[in-house]
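Chains as they are written, first to last, in UniProt numbering: chain P, 1 to 330; chain L, 1 to 349.
Let me begin by presenting the structure, written as structure tokens, before commenting on it.
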């Protein structure tokens, strides 16, 4: 197996939740047998709807949650146990940014103090050097000295997200997990943050795990993408291939649901039904109750991955390109 | 339909009436404690029309409609005129507004779970509107509610009548909201970011539903959204708002093909494309102005690449463009519209 900067191997994570106030506990499989690989300096997008397990996968990748089974490898080494000194050392190379920058910032501390804080904690350089480094990082994300002395509430949403980005990048991490980093921003501001992120990625050779539901942004930033549905990956491959020619029925529906400015009439695949409850995962292929091409076997058998000639993996009974078990005469 | 060819006096009258706008807003301004957030809006909604109101946060797109329906708190000062079929709504008595809201003009919001009462069964919440505006009672309420639930595609409509909002998903609750809005058989449905809180595949379902209902009932639809893609695919006419003003309005096809106002052009250039070659996104530099620090001239002037000295002192008025639209720009109409696709393409992959 080619080792990337981040490899997830068959990770699963389940929680137990009660059904109703006094109901018995039922396990919820938030992430189920997920394997992914992110190459150095590249961006891997994780897409899916709410409850698909994409955020949990991001948290597991950083060791913020332990998987019930499976392995997380960072540059080929397994992630040490959480809260150990070894984990902390490794975590300095892996950072995360979230959707809501105001919640991620301390409201009472100035921006420069917050951006400098990781250097203070890890005791890197002299006090004046740290300050200069923090100012240089703020400059790199497009914030000036007057922003540096501001409190979070004095900045706009886009400026706050850039401050969060500066703080995440000041330790010069190799891996950045972005959980819906631009979803809360207006279009004109979103483009500013996307551009800063991509410029810095090139400059710092950052690898990004980019969690998003916005396929337009995913298309812009990522080289490969994984589509998740109810905790499982249903399709994984190069972004431009998946978006221009989706194979899995769920990916097809997601791609066709993207509203495009300036396009009026087109055929949209309207999925029937609601996204199912993770606590009541359908048997077989979890997507079968909403799938237009579901067959009897989809109800009972969970599909395994098949690899297509273009390198993507698809978990769907209807996709058979390497038919090893195809019956004669069927 | 045959009545277009043979114009009997009756159908001629209908045609004349339908050419008159259903809803007219003129010179609408809204002040919150001395700060003007809506600075003079003129717009009309024709019968059966679908109009999309686009703008970033703080542009005033929601406040315009809350003001039109008298839903703003007392701290807001509203002036201008809002007429429904010629009848003035601004300053109308509460009783008269109660007969119009929900009956003639209905509104749905972004978050259906906070718009529905969590402790009342959804059937009763729809029933309340049916009783008030249609005068129904008893079993006819249940039958009509069931019909509405079926119309909005709520599965298992009969059983859902007795469900509470928490038992439904976000998309299903939004369907209940739409059913409630349709219960008064409104002439206009104002939908304020109706799909923003929903997942992509559910958003597609709801937008599809709104379009189908509009075609079937002849109701006009006002769709407020920050998402250019959403309004583009749902609406015939688009209105772009910025800083409490309308900066451009045009038919959907032309506004995306040849945007005239620099702000509209900027929005389209900032949007990641979903088809064709990847290109560097062109952000609009700067920030949306705060209402208390509104520039004296064109609200977009400080961020505008085509800014001239006159833009900083004069608020431009909407002027007709050749494509049947209107743009409020002093510099814009003279220059050739810049298409976002003609921007520098670069291989980012």
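The beta carbon of each residue, even a glycine, is placed where N, CA and C say it ideally should be.
Because the structure is a prediction, the values reported are computed rather than measured.
Roughly how many whole angstroms lie between the Cα atoms of residue 330 of chain P and residue 293 of chain P?
Numbered from 1 along the first chain, position 330 holds the residue referred to as residue 330 of chain P. Numbered from 1 along the first chain, position 293 holds the residue referred to as residue 293 of chain P. For residue 330 of chain P, the predicted structure reports a pLDDT of 37, less than 50, and the residue's modelled location is therefore unreliable. A value from the coordinates is still provided. Taking the straight line from one Cα to the other gives about 18 Å.
Would you identify the three-state DSSP class for residue 331 of chain L, choosing helix, strand or coil?
As a position in the second chain, residue 331 of chain L is number 331, starting the count at 1. Here residue 331 of chain L sits in coil by DSSP.
Under 6 Å from any heavy atom of the ligand MG, does the C-beta of residue 85 of chain L make it?
Annotation note on the ligand MG: not contained in the displayed structure, which lists no ligands.
Evaluate residue 63 of chain P with the Cβ neighbour count: other Cβ atoms within 10 Å of its Cβ, from every protein chain shown; 16 or more gives buried, anything less gives exposed.
Here residue 63 of chain P refers to the residue found at position 63 when the first chain is read from its first residue. So residue 63 of chain P counts as buried.
Under the rule that 16 or more other beta-carbon atoms within 10 Å means buried, what is residue 147 of chain P, buried or exposed?
Taking the first residue of the first chain as position 1, residue 147 of chain P is located at position 147. By the neighbour-count rule (16 or more Cβ atoms within 10 Å), residue 147 of chain P is buried.
One question on the structure: do residue 150 of chain P and residue 287 of chain L come within less than 7 Å of each other, judged by their Cβ atoms?
To locate residue 150 of chain P, count along the first chain from 1; it is residue 150. To locate residue 287 of chain L, count along the second chain from 1; it is residue 287. Result no, Cβ atoms of residue 150 of chain P and residue 287 of chain L do not sit closer than 7 Å.
Three-state secondary structure assigned by DSSP to residue 311 of chain L:
Residue 311 of chain L sits at position 311 when you count from the first residue of the second chain. Of the three classes helix, strand and coil, the one that applies to residue 311 of chain L here is helix, per DSSP.
To which residues does DSSP link residue 226 of chain P through a beta bridge?
Along the first chain, one-based indexing puts residue 226 of chain P at 226. Its beta-bridge partners are P:46, P:236.
So which of P:202, P:304, P:163, P:185 has the shortest CA-CA distance to residue 141 of chain P?
The sequence position of residue 141 of chain P within the first chain is 141, counting from 1. With distances taken between Cα atoms, residue 141 of chain P lies closest to P:163.
Which class does residue 108 of chain L belong to by DSSP, given the choice of helix, strand or coil?
For the purposes of this step, residue 108 of chain L is identified with residue 108 of the second chain, where counting begins at 1. Three-state DSSP puts residue 108 of chain L in a strand.
Just to confirm my understanding: we take residue 58 of chain P, look at its own chain, exclude 5 residues before and 5 after, and list those with CB closer than 8 Å. What are they?
Position 58 of the first chain, counted from the start, is the residue given in the question as residue 58 of chain P. For residue 58 of chain P, where only same-chain residues beyond five positions count, the Cβ hits under 8 Å are 46, 96, 177, 179, 209, 211.
DSSP three-state label for residue 90 of chain P, please.
Residue mapping note: residue 90 of chain P aligns to position 90 of the first chain, counting from 1. DSSP places residue 90 of chain P in helix when its eight states are reduced to three.
Are residue 260 of chain L and residue 327 of chain L closer than 7 Å when you measure CB to CB?
Translated into the one-based positions of the second chain, residue 260 of chain L becomes position 260. Translated into the one-based positions of the second chain, residue 327 of chain L becomes position 327. A contact, by the Cβ cut-off of 7 Å.
Please state the DSSP three-state secondary structure of residue 25 of chain P.
As a working mapping, residue 25 of chain P is identified with position 25 in the first chain. Strand, per DSSP.
Chain L partners of residue 270 of chain P, CB-CB under 7 Å?
Counted from its first residue, the first chain places residue 270 of chain P at position 270. Within chain L, the residues near residue 270 of chain P are 204, 205, 208.
Does the region 250-261 of chain P come close enough to the region 228-247 of chain L that 3 or more CB-CB pairs lie under 8 Å?
yes
If we define contact as Cβ-Cβ less than 7 Å, is residue 199 of chain L a contact residue for chain P?
What you label residue 199 of chain L is simply residue 199 of the second chain in a count that begins at 1. Yes - at least one Cβ of chain P is within 7 Å of the one on residue 199 of chain L.
Does the count of Cβ pairs from the region 241-258 of chain P and the region 177-196 of chain P closer than 8 Å reach three?
no
Between the Cα of residue 144 of chain P and the Cα atoms of P:153, P:124, P:166, P:128, which residue gives the shortest distance?
Translated into the one-based positions of the first chain, residue 144 of chain P becomes position 144. Checking every option, the nearest Cα to that of residue 144 of chain P belongs to P:166.
Comparing alpha-carbon positions, which option in L:221, L:202, L:201 lies nearest residue 210 of chain L?
Within the second chain, the letter at position 210 stands for residue 210 of chain L. Ranking the options by Cα distance to residue 210 of chain L, first place goes to L:221.
The alpha helix (DSSP H) with residue 146 of chain P in it runs from where to where?
On the first chain, residue 146 of chain P is found 146 positions in, with the first residue counted as 1. Where residue 146 of chain P is concerned, the enclosing alpha helix (DSSP H) stretches over 145-148.
Ranges of the beta strand (DSSP E) found wholly within the region 26-58 of chain L, counting only runs of at least 3
35-45, 50-54
Determine whether the Cβ of residue 166 of chain P lies closer than 7 Å to any Cβ atom of chain L.
Position 166 of the first chain holds residue 166 of chain P. For residue 166 of chain P, the answer is no, since every Cβ of chain L falls outside 7 Å of its Cβ.
Among L:295, L:291, L:262, L:277, which has the Cα closest to the Cα of residue 284 of chain L?
As a first step, residue 284 of chain L is located in the second chain; it is residue number 284 there, counting from the start. Minimum Cα distance to residue 284 of chain L is reached at L:262.
Classify residue 309 of chain P as buried or exposed, calling it buried when 16 or more other Cβ atoms lie within 10 Å of its own Cβ.
Position 309 of the first chain, counted from the start, is the residue given in the question as residue 309 of chain P. The residue is exposed, with fewer than 16 neighbouring Cβ atoms inside 10 Å.
Where does residue 97 of chain L sit, in a helix, a strand or coil, going by DSSP?
Here residue 97 of chain L is taken as the residue at index 97 of the second chain, counted from 1. Assignment of residue 97 of chain L by DSSP, reduced to helix, strand and coil, places it in the helix class.
State whether the region 87-104 of chain L contacts the region 168-177 of chain L, with contact taken as three or more CB pairs (one from each stretch) at a distance under 8 Å.
no
Below 9 Å between beta carbons is the criterion; list the residues of the region 133-147 of chain P that meet it against any residue of chain L, in chain order.
none
Proximal chain L residues relative to residue 156 of chain P, where beta-carbon distance stays under 9 Å:
Translated into positions along the first chain, residue 156 of chain P becomes position 156. Here the neighbours are 287, 288.
By a C-beta neighbour count over all protein chains shown, 10 Å radius and 16 as the cutoff for buried, is residue 149 of chain L buried or exposed?
Counting from 1 along the second chain, the entry for residue 149 of chain L is found at position 149. Per the 10 Å Cβ criterion, buried.
Going along chain P, which residues have a C-beta under 7 Å from residue 230 of chain L?
If you number the second chain from 1, residue 230 of chain L lands on position 230. Ordered by position in chain P, the residues that pass the 7 Å Cβ test against residue 230 of chain L are 259.
Which class does residue 344 of chain L belong to by DSSP, given the choice of helix, strand or coil?
Position 344 of the second chain holds residue 344 of chain L. The predicted position of residue 344 of chain L is uncertain, since its pLDDT is 38 and thus under 50; a value taken from the coordinates is nonetheless stated next. Note: residue 344 of chain L maps to coil in three-state DSSP.
Give the interface partners of residue 257 of chain L over in chain P, defined as CB-CB distance under 8 Å, in chain order.
Looking up residue 257 of chain L in the second chain gives position 257. Going along chain P in sequence order, the residues near residue 257 of chain L (Cβ under 8 Å) are 262.
Expected contact under 8 Å - CB spacing of residue 252 of chain P and residue 233 of chain P to nearest Å
Residue mapping note: residue 252 of chain P aligns to position 252 of the first chain, counting from 1. Residue mapping note: residue 233 of chain P aligns to position 233 of the first chain, counting from 1. Separation of the CB atoms of residue 252 of chain P and residue 233 of chain P is rounded to 16 Å, and the pair is thereby denied contact status at 8 Å.
What are the boundary residues of the beta strand (DSSP E) that residue 216 of chain L is part of?
Here residue 216 of chain L refers to the residue found at position 216 when the second chain is read from its first residue. Premise fails: residue 216 of chain L lies in the alpha helix (DSSP H), 200-217, not in any beta strand (DSSP E).
Does residue 329 of chain L have its Cβ less than 7 Å from a Cβ in chain P?
Here residue 329 of chain L corresponds to residue number 329 of the second chain, with the count starting at 1. Closer than 7 Å: no.
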